[in-house]
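**Q** In UniProt numbering, the protein residues as written are 1 to 319. Heads up, the beta-carbon is just placed ideally off N, CA and C, and yes, glycines get one too. Note that the coordinates shown come from a computational prediction; the quantities given were computed from them, not determined experimentally. Take a look at the following structure, please.
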Amino acid sequence: MATMEEIVKQADLLGYRGEKREEYLKQEFKLLAVCQEKKEEAERQERKEEAEPQAREKKEEADCKERLELEKMKLDAEMKLLQAKIEAGIIKNEPDSSGTRSSDAGAKHLKLPNFQDGRDDLNIWLTGFERFAESNGWSREKWSSLLCVLLTGCALDCYGRLSAEQAKDYDKVKRALMKRYDLTEDGYQSKFRTCKPAHLGIRRTKDKVLSNFYWPGLDGDVTRYCRSCDVCQRTVKKGTVPRVPLEKVPLIDTPFKRVAIDLVGPINPPSEAGHRFILTLVDYTTRFVEAVPLCKINTEFVAEALVDIYSRLGSQKRC
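In structure tokens, the structure reads:
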């Protein structure tokens with residue numbers, strides 16, 4: 001920050017006289033006093049909190065906000081000085097050899113509106129900022145520092161929580177801001193589901209979408225979306241699938257005319273012989289049970305067990 005002598009010399013260099021000179025000096029001295037006061041306050045706060053380790057996290061957050069405010073004030077001062085030099089004819093507002101504008105030093109000089117937290121839509125505002133920056137030839141490396149001057153409220157706090165390295169990268173700053181305001185894939189999905197909550201069903205939802213949009217595969221997308229809704233699945237009308245008609249169960253009166261075969265296992269711990277499964281055969285008529293222990297339930301072991309049973313009891317007509 002410049003001293004009072006440097007400010008006076010700067011006013012002489014710009015050729016200010018009379019009331020204009022007094023107004024310029026008054027503004028610059030006021031800015032200098034504010035910065036000096038903040039610096040002294042920061043030093044007092046630092047000395048005070050050195051004896052309070054438990055307040056270190058709070059101190060870091062306050063320092064971050066103060067640093068951002070000082071940086072913003074510094075950029076404002078540079079912008080005013082640049083504007084004054086342009087008006088005095090010391091420099092010209094023309095593109096340089098690289099094709100960028102000298103107005104790249106300050107966003108306010110180009111009449112960009114500040115982001116108003118709680119009033120502006122961040123996604124739309126950032127899109128406007130990017131288009132404005134591209135149309136005025138700003139280098140992308142400076143977008144982050146220029147963006148900082150225009151942020152307010154929670155957006156400025158989010159920017160202040162980034163590391164110095166991250167704050168220089170516009171893409172990382174943008175991702176952090178979008179995440180802070182829930183402008184991510186999950187955030188958009190949540191807003192979509194809660195903006196006008198209703199459970200219209202597949203047909204009415206499809207009609208509502210078709211009244212404004214269409215894309216290939218719309219029917220399938222709407223159907224999957226409605227079927228993925230937990231509320232709809234819990235409240236949908238049951239019994240829409242026709243019931244299977246009842247049939248008479250035949251009476252089995254001949255032994256081994258019909259049997260039931262099943263496998264039981266694995267059983268832990270296994271037997272001493274290593275058997276872990278049991279093949280069971282039950283006769284529907286007599287309730288006769290045949291059980292064969294097995295080590296494995298592959299085709300070979302199961303076939304051998306069935307052959308052993310059928311060789312003694314004979315083959316049944318129906319399983």
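Grouping DSSP H, G and I as helix and E and B as strand, with all else coil, what is Asp262?
**A** The answer is strand: DSSP assigns Asp262 an E or B state.
**Q** Once you ignore the five residues that flank Ser271 on each side, which residues in its own chain have a CB closer than 7 angstroms to its CB?
**A** Cβ within range, chain order: Pro293.
**Q** Note down, in chain order, each residue of its chain lying with its Cβ closer than 8 angstroms to the Cβ of Tyr225, except the 5 sequence neighbours on either side.
**A** If we look at Tyr225 and ignore the five residues flanking it on each side, its Cβ neighbours are Thr205.
**Q** Identify whether Thr280 lies in helix, strand or coil by the three-state DSSP scheme.
**A** Of the three classes helix, strand and coil, the one that applies to Thr280 here is strand, per DSSP.
**Q** Determine the contact status of Arg180 and Cys154, defining contact as a CB-CB distance below 8 angstroms.
**A** Yes, Cβ-Cβ distance for Arg180 and Cys154 is below 8 angstroms.
**Q** Let me check one thing: in DSSP terms, what residues is Leu13 bridge-paired to?
**A** According to DSSP, which records beta bridges pairwise, Leu13 is partnered with nothing at all.
**Q** Secondary structure at residue 331, three-state DSSP: helix, strand or coil?
**A** Missing from the structure shown is residue 331; the chain here goes from 1 to 319 and no further.
**Q** Counting only runs that start and end within the UniProt domain "Integrase zinc-binding" (198 to 235), where is the alpha helix (DSSP H) found for 4 or more residues in a row?
**A** Complete alpha helix (DSSP H) runs here, min 4: 201 to 210, 218 to 227, 230 to 235.
**Q** Hey, quick one: how far does the beta strand (DSSP E) through residue 350 stretch, first residue to last?
**A** Look at the range of the chain in this structure, 1 to 319, and you will see that residue 350 is not part of it.
**Q** Does the Cβ of Glu19 have 16 or more other Cβ atoms within 10 Å, making it buried, or fewer, making it exposed?
**A** That one is exposed.
**Q** Tell whether a beta-carbon distance below 8 angstroms holds between Val8 and Leu31.
**A** No, they are not a contact pair.
**Q** Does the Cβ of Glu300 have 16 or more other Cβ atoms within 10 Å, making it buried, or fewer, making it exposed?
**A** Per the 10 Å Cβ criterion, exposed.
**Q** Please report the straight-line C-alpha distance between Asp219 and Val209, rounded to a whole angstrom.
**A** Near 10 angstroms, if we compare the C-alpha coordinates of Val209 and Asp219.
**Q** What's the gap between the Cα of Leu70 and the Cα of Cys232?
**A** Roughly 54 angstroms separates the two Cα atoms.
**Q** Run through DSSP, which three-state label would Asn137 get?
**A** It should be pointed out that residue 137 corresponds to Gly in this sequence rather than to Asn. Note: Gly137 maps to coil in three-state DSSP.
**Q** Give the straight-line distance between the Cα atoms of Thr285 and Leu306, rounded to the nearest whole angstrom.
**A** Cα-Cα distance, rounded: 19 angstroms.
**Q** Inspect the beta-carbon positions of Val282 and Val259 and report whether they are closer than 8 angstroms.
**A** Yes, the pair counts as a contact, with Cβ atoms nearer than the cut-off.
**Q** Please report the residue range of the alpha helix (DSSP H) in which Leu251 lies.
**A** Run containing Leu251: none; DSSP gives neither H nor E here.
**Q** Does DSSP put Gln116 in a helix, in a strand, or in coil?
**A** The answer is coil: DSSP assigns Gln116 none of H, G, I, E or B.
**Q** Ordered along the chain, which non-local residues of its own chain (more than five positions away) have a Cβ less than 7 angstroms from that of Ala88?
**A** In this prediction, Ala88 scores a pLDDT of 48, lower than 50, which makes its location untrustworthy; no coordinate-derived value is stated.
**Q** By DSSP, does Asp76 sit in helix, in strand, or in coil?
**A** If DSSP states are grouped into helix, strand and coil, Asp76 belongs with the helices.
**Q** Measure the alpha-carbon distance for Asp230 versus Ile202 and round it to whole angstroms.
**A** If I take the Cα positions, the gap works out to 14 angstroms.
**Q** Could you spell out the range, first to last residue, of the alpha helix (DSSP H) harbouring Gly314?
**A** Neither: Gly314 is in no alpha helix (DSSP H) and is coded neither H nor E.
**Q** Is Phe256 helix, strand or coil by DSSP?
**A** It is coil, neither helix nor strand.
**Q** Between the C-alpha atoms of Cys148 and Asn114, what's the straight-line distance to the nearest angstrom?
**A** Each residue's alpha carbon lies about 10 angstroms from the other.
**Q** Within 10 angstroms of the Cβ of Phe256, are there 16 or more other Cβ atoms? Answer buried if so, exposed if not.
**A** Phe256 is buried by the Cβ-count criterion.
**Q** Answer yes or no: the CB of Cys148 versus the heavy atoms of the ligand NAD, is any distance below 7 angstroms?
**A** The model on display carries no ligand, and the ligand NAD is accordingly not part of it.
**Q** Can you tell me whether DSSP reads Ile91 as helix, strand or coil?
**A** For Ile91, the pLDDT reaches just 43, beneath the cut-off of 50, and the residue's location in the model is therefore unreliable, although a value from the coordinates is still provided. It is coil, neither helix nor strand.
**Q** For a test of the three-state rule: what should DSSP assign to Thr286, helix, strand or coil?
**A** Correct three-state label for Thr286: coil.
**Q** Just reading off the alpha helix (DSSP H) that Arg44 is part of, what are its end residues?
**A** Start and end: 18 to 49.
**Q** Taking all protein chains shown into account, do 16 or more other C-beta atoms lie within 10 angstroms of the C-beta of Trp125, making it buried, or fewer, making it exposed?
**A** Buried, since its Cβ has 16 or more Cβ neighbours within 10 Å.
**Q** Mapping DSSP to helix, strand and coil, what is Ser163?
**A** Ser163 falls in the coil class under three-state DSSP.
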